[in-house]
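Top to bottom, those sequences are chains A and P.
When you number the first sequence by UniProt numbering, it's gap-free, plus one each residue, and the end is 398.
When you number the second sequence by UniProt numbering, it's gap-free, plus one each residue, and the end is 398.
Glycine included, each C-beta is placed from N, C-alpha and C at the ideal position.
This report concerns only the one structure given below.
Protein chains: 2
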Amino acid sequence: MKDLSSYAALYAGSLMDDVLPFWLKNSPDKEYGGYFTCLDREGRVFDTDKFVWLQARQVWTFSMLWNQLEKKQEWLDCALHGARFLEKSGRDAKGDWYFSLTREGKPIVQPYNIFSDCFATMAFAQLYKATNDKGYCDIAADTFHRILTRAENPKGQYSKAFPGTRPLRSFSLPMILSNLVLEIEHILEPRLVEQTIAGGISTVMDTFYQPASGLILESVNPDGSFSDTFEGRLVNPGHVLEAMWFMMDLAERRNDMALISKALEISFNALEYGWDKEHGGIFYFLDIKGHPPQQLEWDQKLWWVHAEAIVCMLKGYRHTGDARCLYWFERLHDYTWERFRDAEKGEWFGYLNRQGEVLLPLKGGKWKGCFHVPRALYQGWKTLELILEKEDRSIKAY
Amino acid sequence: MKDLSSYAALYAGSLMDDVLPFWLKNSPDKEYGGYFTCLDREGRVFDTDKFVWLQARQVWTFSMLWNQLEKKQEWLDCALHGARFLEKSGRDAKGDWYFSLTREGKPIVQPYNIFSDCFATMAFAQLYKATNDKGYCDIAADTFHRILTRAENPKGQYSKAFPGTRPLRSFSLPMILSNLVLEIEHILEPRLVEQTIAGGISTVMDTFYQPASGLILESVNPDGSFSDTFEGRLVNPGHVLEAMWFMMDLAERRNDMALISKALEISFNALEYGWDKEHGGIFYFLDIKGHPPQQLEWDQKLWWVHAEAIVCMLKGYRHTGDARCLYWFERLHDYTWERFRDAEKGEWFGYLNRQGEVLLPLKGGKWKGCFHVPRALYQGWKTLELILEKEDRSIKAY
């Protein structure tokens, strides 16, 4: 294994010299505002539709980097460029965020997907932190309050579930809210922050966690029990790994080592369970009983799953020093660097087949934008620095 | 190439001795009625949800075989078994068909999908033909009239498209109606039959057919022009091939050889375009401009695509004697028999990866039931018999 400082340098260099320049160069739509995200291997635009998830996530990425890393004017300009487009065209009359827009900003797909709102909240809260512009604070706060009112029935009229027959709870929203609450702490009442954190931890670690398998399921009965249905049997190992580093962040804030340990054990379970022993990489979806899942893409290897797994292992190592974290980190890093990273044309491929070959030669699309890769590189870099500082302190203390 | 009579025997034997016994043995739910369709490689039930598409399609298959092939009591009993379940639990108060039901018949997913209604219409119209029970005729006729009233906006409240921004027309419904109209001719006013046929042919062959590529697209602008969007660039070669044999059936009824020729040329285009030159088999989805499609399953090989392609080539050969039909038929047959057919455990696998390996070891699921395989074997067998008779007559005449 390379020493950790060389990984820190690699992640920093990859973020600053490859990934951020790729998006700064290729994504801004200078004519209509916002960002192109459907970019081919070389970064050329192959479709001009604008997906609100990805518009908001890119505003967040550049605002966050301005806030956390460096006051680079082109980063703030890039964030503002997307924010102006979203502010002008992103919402309906009720303040709910559309799912997608034309290049010009006309709505294509209605606000059926509450994660558009979650990512808009993140984006405008970070931008408020960057600019101190109260208007952005209001957008974030208004959107967050709409999310809370919609949380029980997020799809509203677009929900195809017949009421009452199978009232499953879905993991995605509590998981995302557990991250969002720390993102927007500076604009919320402290009591609401504490309440949301406590609720998030309990929902993720008690309701969705299944002691029998040591895993977290995508959908459970309202009381947290197992539902032996397609939805109830579904495991998304990448979701589990991403959620577990969200839990570690909450645990760090509360100084709760027991929660960190539990989150890390669940992460190891997800990696053991989700790792493809034949071809390497983490499966996208699995059925907990080993039945065929409905998702035809179940065996594919997705960039975000591996990016989030890397962050999870580094945070786990930083908090616990558990050697298993380094074992998995190295395995994940090698797979990712060899398969997802495009050393020739920059940035990462998003979708590999089970064998680890490129399935779609794109750098961005409907779901992949400027988010998981830069966030993971940033989080990885900074977490490695904290680990190195700690080791350095230990050496000095010794 | 084997002689055609041996293929006829193979298809007949496969239908009668393998496929129908597989479903008769494994699918009926003797306790709650209807059929299990989620069957593993051995035919064991792995999930008990009931999908209205597949319930109706199985009622249709056994009714059709009773009507067309042989008065086997167990076939009619099997059809009636599913029909009773559908009649009791399949519809909402307006008469629209739910998408899925629990094992006991409680609705899970609302009637958002008009193809549930299309297949229910087919099922009950065939069952009426089999039983002369006027109640079944009424269900079919009522459902068909609901389809016509819903055709302009089939998803109703569940449509997530923002009205007006991108008013694309979708190929699926006109395609299915072109087949449905012949299925239910015996319960419709003759004028409505002729009108629906003429409309179907014109929509498929004028509006959706694109002279520039010689292909049919899944979505077009209202005037039939190309929409350079993810939806507009999408080609589903299996859809094209299935639709082209529907067109040949309509052309046969009208004695329209020009339509048969045109449908057959489009079929060859779809095969040339859709065939995977590297691994064999027909791709599931392609982007007409060669961009990455949104469908992650784009490169997979699906059973129904290949079953429908076989039927298309045999019908084409029967009508035209074009040698290209035999070339493609043999190629498709060999791929299908080697890859999809499970010589060891019976019936066909549904989903292969690009390399032609089994992706999901199931015989039935949410979308695969007792329909495409038996219909293709029946259509293939009977079409081969017609070809052989014609050749026999030619030889005698000579």
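Per DSSP, reduced to three states, the secondary structure at A:G232 is coil, with no helix or strand assignment. Relative to the Cα of A:E347, the nearest Cα in the group A:G105, A:Q110, A:S27 and A:L4 belongs to A:S27. Per DSSP, reduced to three states, the secondary structure at P:A93 is coil, with no helix or strand assignment. By the neighbour-count criterion, in which 16 or more other beta carbons inside 10 Å mark a residue as buried, A:H186 falls on the exposed side.
Per DSSP, the unbroken beta strand (DSSP E) holding P:K363 starts and ends at L362 to G364. In this structure, P:Y98 keeps its C-beta atom at 8 Å or more from the C-beta atom of P:K155. Among the residues facing chain A, P:H291 is included, as its CB has a counterpart in that chain under 8 Å away.
Contact fails between the segment 133-146 of chain A and the segment 78-85 of chain P, because fewer than three Cβ pairs, one in each stretch, are under 8 Å apart.
In this structure P:A307 is buried. Its beta-carbon is surrounded by 16 or more other beta-carbon atoms within 10 angstroms. Interface residue (Cβ-Cβ distance to chain P less than 8 Å): A:G365 is classified as such. The C-alpha of P:S394 lies about 10 Å from the C-alpha of P:I387.
With respect to the 8 Å criterion, A:L377 and A:S14 are classified as neighbours on the basis of their beta carbons.
Contacts with chain P at 8 Å (Cβ-Cβ) include A:E297. Contact between A:N67 and A:K134 does not hold, since their C-beta atoms are separated by about 17 Å, which reaches or exceeds 8 Å. Interface residue (Cβ-Cβ distance to chain A less than 8 Å): P:D96 is not classified as such.
At the C-beta level, P:Y35 and P:G105 stay beyond 8 Å of one another.
In this structure, P:K382 is the residue among P:K382, P:E391 and P:D392 with its C-alpha nearest to the C-alpha of P:Y11. C-alpha of A:A56 to C-alpha of P:F115: approximately 36 Å in a straight line. Contact annotation for A:Q110 against chain P: K160 and F162 [CB-CB distance below 7 Å, chain order]. Considering only A:L24, A:K2 and A:V204, the residue with the shortest C-alpha distance to A:P374 is A:L24.
Residue contact with chain A for P:P107: present (Cβ-Cβ distance below 8 Å to some residue of chain A).
At a cut-off of 8 Å between beta carbons, P:Q294 contacts chain A. Of all residues in the segment 166-177 of chain P, the ones placed with a Cβ closer than 8 Å to any Cβ belonging to chain A are R166, in chain order.
Cα atoms of P:E391 and P:P163: separation of roughly 55 Å, rounded to the nearest angstrom.
Under the 8 Å criterion on CB atoms, P:D47 is classed as interfacial with respect to chain A. By the neighbour-count definition (other C-beta atoms within 10 Å, threshold 16), A:R44 is an exposed residue.
About 6 Å separates the Cβ atoms of P:E385 and P:A8, confirming a contact at the 8 Å cut-off. In the three-state reduction of the DSSP assignment, P:D133 falls in the coil class.
For the segment 68-93 of chain A, there are no residues whose beta carbon sits under 8 Å from a beta carbon of chain P. Per DSSP, the unbroken alpha helix (DSSP H) holding P:V52 starts and ends at V52 to Q68.
Going by C-alpha positions, P:L359 is about 21 Å away from P:H239. Take the alpha-carbon of P:D96 and the one of P:L127: they are about 19 Å apart. For P:K301, DSSP records a beta bridge to P:L352. The Cβ of A:T203 sits no closer than 8 Å to any Cβ of chain P.
Taking CB atoms only, P:L362 has a neighbour in chain A less than 8 Å away. Straight through space, the alpha carbons of A:R84 and P:A263 are spaced by roughly 50 Å.
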